[in-house]
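So the structure is just underneath, and the comments pick up after that.
2 protein chains.
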Amino acid sequence: MSLLVVGSMAFDSVKTPFGAVEEALGGSALYFSLSAGFFNDVSLVAVVGEDFPESEITFLNSRNVDTRGLQRTAGKTFRWKGEYTYELNEAHTLATHLNVFETFSPEIPEPYRNSDYVFLGNIDPELQLRVLRQVNQPKLVGLDTMNFWIERKRDRLLDVLKHVDILTINDGEARQLTGEVNLVKAAREIRDYGPRILIIKRGEYGVLMFNGSDIFAAPAYPLETVFDPTGAGDSFGGGLMGYLSNVGNLDDETLRRAIVFGSVMASYNVEDFSMNRLRSLTYREIEKRFKLFKALTHFEDL
Amino acid sequence: MSLLVVGSMAFDSVKTPFGAVEEALGGSALYFSLSAGFFNDVSLVAVVGEDFPESEITFLNSRNVDTRGLQRTAGKTFRWKGEYTYELNEAHTLATHLNVFETFSPEIPEPYRNSDYVFLGNIDPELQLRVLRQVNQPKLVGLDTMNFWIERKRDRLLDVLKHVDILTINDGEARQLTGEVNLVKAAREIRDYGPRILIIKRGEYGVLMFNGSDIFAAPAYPLETVFDPTGAGDSFGGGLMGYLSNVGNLDDETLRRAIVFGSVMASYNVEDFSMNRLRSLTYREIEKRFKLFKALTHFEDL
Numbered sequence: 001m002s003l004l005v006v007g008s009m010a011f012d013s014v015k016t017p018f019g020a021v022e023e024a025l026g027g028s029a030l031y032f033s034l035s036a037g038f039f040n041d042v043s044l045v046a047v048v049g050e051d052f053p054e055s056e057i058t059f060l061n062s063r064n065v066d067t068r069g070l071q072r073t074a075g076k077t078f079r080w081k082g083e084y085t086y087e088l089n090e091a092h093t094l095a096t097h098l099n100v101f102e103t104f105s106p107e108i109p110e111p112y113r114n115s116d117y118v119f120l121g122n123i124d125p126e127l128q129l130r131v132l133r134q135v136n137q138p139k140l141v142g143l144d145t146m147n148f149w150i151e152r153k154r155d156r157l158l159d160v161l162k163h164v165d166i167l168t169i170n171d172g173e174a175r176q177l178t179g180e181v182n183l184v185k186a187a188r189e190i191r192d193y194g195p196r197i198l199i200i201k202r203g204e205y206g207v208l209m210f211n212g213s214d215i216f217a218a219p220a221y222p223l224e225t226v227f228d229p230t231g232a233g234d235s236f237g238g239g240l241m242g243y244l245s246n247v248g249n250l251d252d253e254t255l256r257r258a259i260v261f262g263s264v265m266a267s268y269n270v271e272d273f274s275m276n277r278l279r280s281l282t283y284r285e286i287e288k289r290f291k292l293f294k295a296l297t298h299f300e301d302l
Numbered sequence: 001m002s003l004l005v006v007g008s009m010a011f012d013s014v015k016t017p018f019g020a021v022e023e024a025l026g027g028s029a030l031y032f033s034l035s036a037g038f039f040n041d042v043s044l045v046a047v048v049g050e051d052f053p054e055s056e057i058t059f060l061n062s063r064n065v066d067t068r069g070l071q072r073t074a075g076k077t078f079r080w081k082g083e084y085t086y087e088l089n090e091a092h093t094l095a096t097h098l099n100v101f102e103t104f105s106p107e108i109p110e111p112y113r114n115s116d117y118v119f120l121g122n123i124d125p126e127l128q129l130r131v132l133r134q135v136n137q138p139k140l141v142g143l144d145t146m147n148f149w150i151e152r153k154r155d156r157l158l159d160v161l162k163h164v165d166i167l168t169i170n171d172g173e174a175r176q177l178t179g180e181v182n183l184v185k186a187a188r189e190i191r192d193y194g195p196r197i198l199i200i201k202r203g204e205y206g207v208l209m210f211n212g213s214d215i216f217a218a219p220a221y222p223l224e225t226v227f228d229p230t231g232a233g234d235s236f237g238g239g240l241m242g243y244l245s246n247v248g249n250l251d252d253e254t255l256r257r258a259i260v261f262g263s264v265m266a267s268y269n270v271e272d273f274s275m276n277r278l279r280s281l282t283y284r285e286i287e288k289r290f291k292l293f294k295a296l297t298h299f300e301d302l
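Protein chains in written order, with the numbering used here: chain Y, 1 to 302; chain B, 1 to 302.
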């Protein structure tokens, strides 16, 4: 199945207790597509400024990412500056410069409009809706969002969610969206908004998937070296959607494997700053860690 | 294998967002032994005051708990008063009345001194050491502790840990004990103190076990009705040690199953106040939820 992602491309300046990077490559669409590219071809729709290096676009192309939908606009690329304390679960935003993102309106190129699987990365719900208007009845729509949009654009977000099959969201955001503290109850309510599959991301504690009456829990891989959590959620989304679109069905076993592949991608991504670890990653390493996840969670049934 | 537990018996007054109980039965040894009694006979060493109802002791006896080591002393039973907010992971202590616990010195009755498996519940490390001096080379020693003892009796705690095989502790305490934020590193350091098996409890996020180079992650069961987290850790310990002592070996598969049984017991315990849920629980229900844990975590390997 073909896979389309719309999201942000950015230069991130990030400080963690383990180091810092200035103006390193980032953004939801970039992490997503680099991660998904290990499993399937990805069509990318996003915007960059004149300062975005052509060599990085060539690099993405070499990793199964079709960049014909990448707009290059006069001005500077979106910039984000953030910091993490030892509690690596939450980013503290220090500065956001929208730059070319301020006037971005996603244009889906004709050849992408029949994409089977569409992932709406974490951007303004207005833009997510605009994307949906341009695609022809995709087989599956995934969406990621964040507290910022839940606070400011709740109604528009609820409009998009009506058309979403898989929502990925973190636990604090699930509670914020519903006003319900208990996650099982919050999950039921969110699925009443539209998404039949809800994946709740819990950082170092892993993920919970709710799908019909089925619940699946996957831990995060216990790592000794977590340098930078930036992009963990997007790498997860890329692994998830990349695998799902490659297999082309949504049975329970496929979904569970897709979540583990997503978790593998996130676990590698946090091992270094920016996309550095994903750059050097091989599919053999992905398979190796998938098997470690199996060893991490396996026990004999009664 | 025979199983001995030493810990506290208490009357707890607990308030959670879902209700409150006054002077309900509690204490680490009580939760532990009621939970372990589903898997094996348990010998209990603890102290109660004159106000402790004889009928509850008879009840424990009916649940495979041998109470010959239970001291009954002039005065009142230990009392604890605490509160939980919506963040059910952490108890806020409002009052502690040691009462008969103030002068308690555990006396291990002669027939218990050859116990194979010994569990030192969450009490003063001085008392835990006194217990160890009275038992004859047990095959396995388990220990639970808390931030209160790490702060006040760190050196004595480190003395006990030298003799401990399995330590159960929560994630905040593991960090507090070692000064190391990364759990994988903290786990390695703690195992240098003595325990070869470390089980880190993470409340609603489940547990992590470190054993040699092996790591096992078990989620907590996602529950819609969590009324009272009091005793969750002790019920976990009871299921863990009850199952381990019943099987009598420590191979990796047995340990993993023991952790799942512990998680099952904790998940039932929090569904009602005090020990109410454990009172009505049946072994058939335990098996049923064990299978739900399997369904919750299973995925096909590559």
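Virtual Cβ for every residue (Gly too), placed ideally from N, Cα, C.
{"Asked": "Stretch pair the region 278-297 of chain Y + the region 215-226 of chain B: three plus CB contacts closer than 8 Å", "Found": "yes"}
{"Asked": "Closest Cα partner of Y:D12 within the set Y:V5, Y:E22, Y:L4 and Y:L3", "Found": "Y:E22"}
{"Asked": "Beta-bridge partners of B:T93, as assigned by DSSP", "Found": "B:G82"}
{"Asked": "CB-CB length for B:L120 against B:V45, believed under 8 Å", "Found": "In fact, because the Cβ distance is near 10 Å, the residues do not count as touching under 8 Å."}
{"Asked": "Extent of the continuous alpha helix (DSSP H) to which B:L292 belongs", "Found": "Y283 to T297"}
{"Asked": "Extent of the continuous beta strand (DSSP E) run through Y:I197", "Found": "I197 to K201"}
{"Asked": "Enclosing alpha helix (DSSP H) for Y:V247 [first to last residue]", "Found": "A232 to V247"}
{"Asked": "Top-ranked residue by Cα proximity to Y:Y283, from B:N276, B:V226 and B:L302", "Found": "B:L302"}
{"Asked": "B:E224 - DSSP class collapsed to helix/strand/coil", "Found": "coil"}
{"Asked": "Interface flag, B:P219 vs chain Y, CB-CB below 7 Å", "Found": "yes"}
{"Asked": "Contact under 7 Å by Cβ, Y:S33 with Y:D116", "Found": "no"}
{"Asked": "For B:F119, the first and last residue of its enclosing alpha helix (DSSP H)", "Found": "No alpha helix (DSSP H) contains B:F119, which is instead part of the beta strand (DSSP E) from Y117 to L120."}
{"Asked": "Residues that B:K185 contacts on chain Y, provided the C-beta gap is smaller than 7 Å", "Found": "E224"}
{"Asked": "Alpha-carbon spacing of B:I199 relative to B:I166, whole angstroms", "Found": "7 Å"}
{"Asked": "Nearest residue (CA-CA) to B:S62, options B:Y86, B:A36, B:F78 and B:G233", "Found": "B:A36"}
{"Asked": "Alpha helix (DSSP H) segment containing Y:M265, residue limits", "Found": "D252 to N269"}
{"Asked": "Cβ pair count under 8 Å reaching 3, the region 50-64 of chain B against the region 105-116 of chain B", "Found": "no"}
{"Asked": "Residues, ordered as in the chain, of the region 274-294 of chain B that lie near chain Y by beta-carbon distance below 7 Å", "Found": "E287, F290, K291 and K294"}
{"Asked": "Cβ-Cβ separation, Y:I286 to Y:F38 (assumed contact under 8 Å), whole Å", "Found": "6 Å"}
{"Asked": "Any chain B beta carbon closer than 7 Å to Y:T297", "Found": "yes"}
{"Asked": "Top-ranked residue by Cα proximity to B:F54, from B:T77, B:V42, B:D41 and B:S43", "Found": "Contrary to the premise, residue 54 of chain B reads as Glu rather than Phe in this sequence. Measuring from the Cα of B:E54, the nearest candidate turns out to be B:T77."}
{"Asked": "Cutoff 7 Å: Y:L132 Cβ touching any chain B Cβ", "Found": "no"}
{"Asked": "Residue nearest to Y:G237 in terms of C-alpha spacing, selected from Y:R257, Y:L223, Y:P222 and Y:V226", "Found": "Y:R257"}
{"Asked": "Per-residue contacts from B:E180 into chain Y (C-beta, under 7 Å)", "Found": "Correct list: empty, because the minimum Cβ distance to chain Y is about 10 Å."}
{"Asked": "8 Å Cβ cut-off: residues of chain B touching Y:V260", "Found": "F299"}
{"Asked": "Partners in chain Y for B:L198, counting only beta-carbon separations shorter than 7 Å", "Found": "Chain Y residues near B:L198: none, gap ~12 Å exceeds 7 Å."}
{"Asked": "Contact check, B:S235 vs B:A24, beta carbons under 7 Å", "Found": "no"}
{"Asked": "Classification of B:L183 by the beta-carbon crowding that lies within 10 angstroms, buried from 16 upward", "Found": "buried"}
{"Asked": "Burial state of B:K201, where buried means 16 or more other Cβ atoms lie within 10 Å", "Found": "buried"}
{"Asked": "For B:F18: DSSP bridge partner residues", "Found": "The partner list for B:F18 (beta bridge, DSSP) is empty, contrary to what the question assumes."}
{"Asked": "Whether Y:G248 touches Y:M265 by CB criterion (7 Å)", "Found": "no"}
{"Asked": "One or two residues paired with B:S209 in a DSSP bridge", "Found": "The amino acid at residue 209 of chain B is misidentified as Ser; the sequence shows Met. For B:M209, which the question treats as bridged, DSSP gives the partners B:I199 and B:F216."}
{"Asked": "As assigned by DSSP and simplified to three states, the class of Y:S105", "Found": "coil"}
{"Asked": "Test item: CB-CB of B:N122 and B:T145 under 7 Å", "Found": "yes"}
{"Asked": "Chain B within 7 Å of Y:I190, Cβ atoms only", "Found": "no"}
{"Asked": "B:A74 - containing alpha helix (DSSP H), residue span", "Found": "Taken as a continuous stretch (DSSP letters only), B:A74 belongs to no alpha helix (DSSP H), as it is neither H nor E."}
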